[in-house]
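Residues in the sequence shown are numbered from 0 upward in steps of one, following numbering that gives the first Met the number 0. From the three backbone atoms N, C-alpha and C, an ideal C-beta is built for every residue, glycine too. Structure record follows, encoded as structure tokens.
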Amino acid sequence: MEAWSRLESGKGKTIGLVPTMGFFHEGHLSLMRMAKGLADRVVVSLFVNPTQFGPGEDLATYPTSFAQDQESAAANGAAILFAPTAEAMYPPGSRTTVVVSGLTDTLCGASRPGHFTGVTTVVSKLFHLVRPDLAVFGQKDFQQLAVIRRMCLDLNMGIEIIGHPIVREADGLAMSSRNSYLTGSQRESALCLSRALKLARQLAAGGERSASRLADACRGLITSYPEATVDYISFVHQATLKDVSTVDRNTVLALAVKIGDKVRLIDNGYVRRPVSSYLESSDEPC
Ligand code: PAF
0 MEAWSRLESG
10 KGKTIGLVPT
20 MGFFHEGHLS
30 LMRMAKGLAD
40 RVVVSLFVNP
50 TQFGPGEDLA
60 TYPTSFAQDQ
70 ESAAANGAAI
80 LFAPTAEAMY
90 PPGSRTTVVV
100 SGLTDTLCGA
110 SRPGHFTGVT
120 TVVSKLFHLV
130 RPDLAVFGQK
140 DFQQLAVIRR
150 MCLDLNMGIE
160 IIGHPIVREA
170 DGLAMSSRNS
180 YLTGSQRESA
190 LCLSRALKLA
200 RQLAAGGERS
210 ASRLADACRG
220 LITSYPEATV
230 DYISFVHQAT
240 LKDVSTVDRN
250 TVLALAVKIG
260 DKVRLIDNGY
270 VRRPVSSYLE
280 SSDEPC
């Protein structure tokens with residue numbers, strides 16, 4: 000991987016990386032197409048990273064479709080599908096991790112201790128192996144994007160981190176490989192996340208500014224769906240990820256909801272039209 004990247008960079012080609020854990024859906028494919036529009040060569044990494052899964056999480060059952068993924072990556076602009084083994088990524092004796100403090104204590108970091116250390120460590124390793132000029136990540140993992148941006152700045156990695164807007168099914172459900180775990184009735188309940196976002200936006204448009212009242216309304220809606228249990232409903236500043244009490248144009252509503260016993264889904268979005276959207280046509284964190 001490193002030799003190919005050095006060769007391409009030596010030829011003056013820019014490299015865009017799309018890090019993934021595979022089982023591609025339209026969300027992944029749109030990240031690849033975006034990278035293809037921004038860089039001369041696209042590398043898609045496919046690695047189900049064991050260090051970002053906690054005990055009792057779905058590492059053993061994480062869905063895979065390697066042959067199909069190979070075809071889809073090639074069809075969507077990837078020059079290389081880089082799929083290392085766990086032994087190659089974490090040889091015996093590995094002792095180094097990358098920790099971004101502060102930003103990783105809240106939201107998914109609070110619910111999944113150690114998760115972000117696994118993410119930042121593997122993403123750093125992928126950056127060193129692939130040596131990209133830019134990397135594209137989905138905004139569904141809004142905290143992950145903020146953490147990786149911080150890591151790149153703090154460690155002078157010099158890689159441009161690009162966020163791609165959330166890709167949704169026609170009925171609003173944010174695309175996720177984990178949606179494949181949902182039964183038919185759970186798939187209906189999973190709509191509670193995007194509907195809670197919609198409700199918060201409607202109430203904010205009607206003048207409600209209190210984060211706690213908006214959170215109560217979202218909780219009421221989410222818990223009215225069968226099998227839906229709230230992990231968190233947080234109104235946070237889009238860059239610092241700190242809780243806010245009053246929603247403004249920097250406020251993102253971040254949601255994590257468990258559907259049934261096993262499936263934990265996340266979603267997020269600005270509550271009020273963000274300042275950036277007056278310049279670009281995006282309503283997601285950027
Ligand atoms: O977002 C993901 O799929 C993973 O967290 C990533 C960035 C590929 C690291 O394993």
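If you look at residue 141, you'll find it in the alpha helix (DSSP H) that goes 141-153. Taking C-beta atoms under 8 Å as the contact rule, residue 0 and residue 133 fail to qualify, at a distance of about 17 Å. Apart from sequence neighbours up to five positions away, the residues of its chain that approach residue 31 with a beta-carbon distance below 7 Å are 17, 41, 43, 72, 75, 76 and 77, ordered along the chain. Of the heavy atoms belonging to the ligand PAF, at least one sits nearer than 8 Å to the Cβ of residue 118.
The alpha-carbon separation between residue 235 and residue 250 amounts to approximately 5 Å. Annotation for residue 53: 111, 112, 113 and 114 place their beta carbon closer than 7 Å to its own, counting only its chain and skipping 5 residues before and after.
In the assembly as shown, residue 91 is an exposed residue. Its beta-carbon has fewer than 16 other beta-carbons within 10 Å. Closest in C-alpha terms to residue 215, from the list 265, 252 and 148, comes 252. By the Cβ criterion, the stretch 217-232 is in contact with the stretch 188-199, since at least three pairs of Cβ atoms, one from each stretch, lie closer than 8 Å. The beta carbon of residue 227 sits closer than 7 Å to those of 188, 191, 221, 256 and 258, all from its chain and outside the five residues before and after it, given in chain order. Taking 9 Å as the cut-off, the beta carbon of residue 122 is found no closer than this to the beta carbon of residue 161.
Residue 234 sits in a strand when the DSSP states are folded into three classes.
If you look at residue 137, you'll find it in the beta strand (DSSP E) that goes 133-137. Rounded to whole angstroms, the gap between the alpha carbons of residue 104 and residue 68 is 33 Å.
Residue side-chain check: residue 46 places its Cβ nearer than 8 Å to a non-hydrogen atom of the ligand PAF.
The alpha-carbon separation between residue 181 and residue 137 amounts to approximately 21 Å. Residue range 262-269 is occupied by the beta strand (DSSP E) that includes residue 266. At least 9 Å separates the beta-carbon of residue 51 from that of residue 106. DSSP places residue 163 in the uninterrupted beta strand (DSSP E) bounded by 159-163. Classified as buried, residue 268 has 16 or more neighbouring CB atoms from the shown chains inside 10 Å of its CB. Remark: C-beta atoms of residue 57 and residue 177 approach each other more closely than 9 Å. Annotation: residue 9 is outside any beta strand (DSSP E); the continuous alpha helix (DSSP H) that includes it extends over 1-9.
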